[in-house]
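The next block holds one structure in the form of structure tokens; read it before the comments.
Residue numbers (this note's numbering): 2 to 341.
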């Protein structure tokens with residue numbers, strides 16, 4: 002077992018150690034996916050070789066090792082939604098990455114996909130001795146021996162979360178006819194538009210984050226008559242795609258990436274305020290909007306001058322976004338997208 006000192010260094014350690022078991026959050030897999038896609042798309046021999054049975058196993062092995070997944074027998078993603086395209090590519094490269102779901106109160110896992118019992122886009126089926134059902138309001142309820150007995154010295158909170166032995170998770174989702182569970186969002190994070198339409202921001206945000214230049218996408222739309230988004234740029238991708246830097250030589254730390262950008266005579270503002278960059282992202286957003294209903298589509302967006310950070314209270318230590326703080330920090334940018 003190897004404990005990493007920072008989530009940002011996870012992939013570097015994986016390349017060095019080549020672990021058999023890899024457990025991480027979607028943010029880490031997003032970075033690996035971006036570099037894998039770039040390698041495949043930019044090298045014709047890889048793109049062609051992966052389609053030829055006689056060569057595909059060789060190229061897949063090289064890509065797995067380069068990403069740090071050469072020995073991985075089982076990889077798990079959780080804590081936040083992951084773009085299905087990431088799971089699809091990893092499994093095409095024979096990297097056994099599976100999505101699961103659980104909470105601290107369920108002693109981590111409650112559901113999990115695994116080889117032979119996997120549905121991309123779901124978080125898998127309930128683990129042994131675990132029951133999951135959907136309440137009338139769409140909230141997922143869980144029962145099992147591994148569910149907590151209650152919150153320490155807080156019977157009031159316990160009585161609100163555990164009712165008739167069912168733990169109320171706060172997550173909204175569905176269960177299909179085969180027993181696969183899908184998460185559509187957090188109950189407290191579901192937006193309701195001014196027209197009364199329920200909108201799950203997580204799915205839309207993850208879809209938009211598939212745009213290579215996009216680091217973070219934060220959807221705005223609660224009690225609004227249309228959806229907008231705050232977009233941040235991925236400096237690592239800027240260095241890779243705009244300056245042709247080898248992805249292995251790009252620092253993982255965002256602060257160090259900015260230093261490299263400055264050393265090349267550019268500032269992040271040169272890109273966040275660029276009409277060309279805005280146009281590139283706008284085209285992609287308009288394409289991806291077609292995957293959603295009209296009320297869910299992003300009508301306007303703003304590119305922010307910096308990425309979200311833990312220090313500014315916008316990200317948790319596991320790199321999940323903090324909605325309330327982001328809205329507070331960028332209120333003027335949000336308001337400007339709704340001015341007539």
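In this text, a Cβ means the ideal position worked out from N, Cα and C, and glycines have one as well.
Contact under 8 Å by Cβ, residue i with residue j
i, j, result
"residue 182", "residue 174", "yes"
"residue 252", "residue 238", "no"
"residue 91", "residue 113", "no"
"residue 79", "residue 15", "no"
"residue 299", "residue 290", "yes"
"residue 233", "residue 216", "yes"
"residue 96", "residue 73", "yes"
"residue 335", "residue 221", "yes"
"residue 101", "residue 77", "yes"
"residue 51", "residue 61", "yes"
"residue 94", "residue 111", "no"
"residue 186", "residue 202", "yes"
"residue 75", "residue 22", "yes"
Element boundaries [alpha helix (DSSP H), containing residue i]
i, result
"residue 67", "54 to 68"
"residue 140", "Note, residue 140: premise wrong, no alpha helix (DSSP H); beta strand (DSSP E) at 140 to 145."
"residue 99", "Counting along the chain, residue 99 falls outside any alpha helix (DSSP H), though it belongs to the beta strand (DSSP E) covering 98 to 104."
"residue 280", "276 to 290"
"residue 158", "156 to 162"
"residue 91", "85 to 93"
"residue 18", "11 to 18"
"residue 319", "That residue, residue 319, is in no alpha helix (DSSP H); it is neither H nor E in DSSP."
"residue 78", "Careful: residue 78 lies outside any alpha helix (DSSP H), inside the beta strand (DSSP E) at 75 to 78."
"residue 325", "324 to 330"
"residue 263", "255 to 264"
"residue 270", "270 to 273"
Residue i versus residue j - alpha carbon distance
i, j, result
"residue 347", "residue 296", "Nothing can be reported for residue 347: it is not among the residues displayed for the chain, which extend from 2 to 341."
"residue 130", "residue 86", "31 Å"
"residue 245", "residue 122", "33 Å"
"residue 218", "residue 184", "19 Å"
"residue 145", "residue 163", "12 Å"
"residue 4", "residue 18", "11 Å"
"residue 20", "residue 67", "13 Å"
"residue 1", "residue 212", "Since the displayed the chain opens at 2 and closes at 341, residue 1 lies outside it and no answer follows."
"residue 282", "residue 206", "14 Å"
Presumed contact (8 Å Cβ cut-off) between residue i and residue j, rounded CB distance
i, j, result
"residue 143", "residue 107", "6 Å"
"residue 258", "residue 231", "Wrong, their Cβ atoms sit about 20 Å apart, outside the cutoff."
"residue 9", "residue 242", "At roughly 20 Å, the Cβ-Cβ gap does not stay under 8 Å, so residue 9 and residue 242 are not in contact."
"residue 168", "residue 148", "5 Å"
"residue 226", "residue 195", "5 Å"
Below-8 Å beta-carbon distance, residue i vs any chain B residue
i, result
"residue 296", "Of the protein chains in this structure there is only one, and it is not chain B."
Buried or exposed by the 16-neighbour rule on C-beta atoms within 10 Å, applied to residue i
i, result
"residue 209", "buried"
"residue 256", "exposed"
"residue 25", "buried"
"residue 347", "Limits of the chain in this structure are 2 at one end and 341 at the other, which puts residue 347 out of reach."
"residue 30", "buried"
"residue 308", "buried"
"residue 42", "exposed"
Range covered by the beta strand (DSSP E) that runs through residue i
i, result
"residue 175", "167 to 176"
"residue 50", "Here residue 50 belongs to no beta strand (DSSP E); instead the alpha helix (DSSP H) covers 45 to 50."
"residue 135", "131 to 135"
"residue 215", "215 to 221"
"residue 110", "109 to 113"
"residue 183", "182 to 187"
"residue 234", "228 to 234"
"residue 23", "22 to 25"
"residue 299", "299 to 304"
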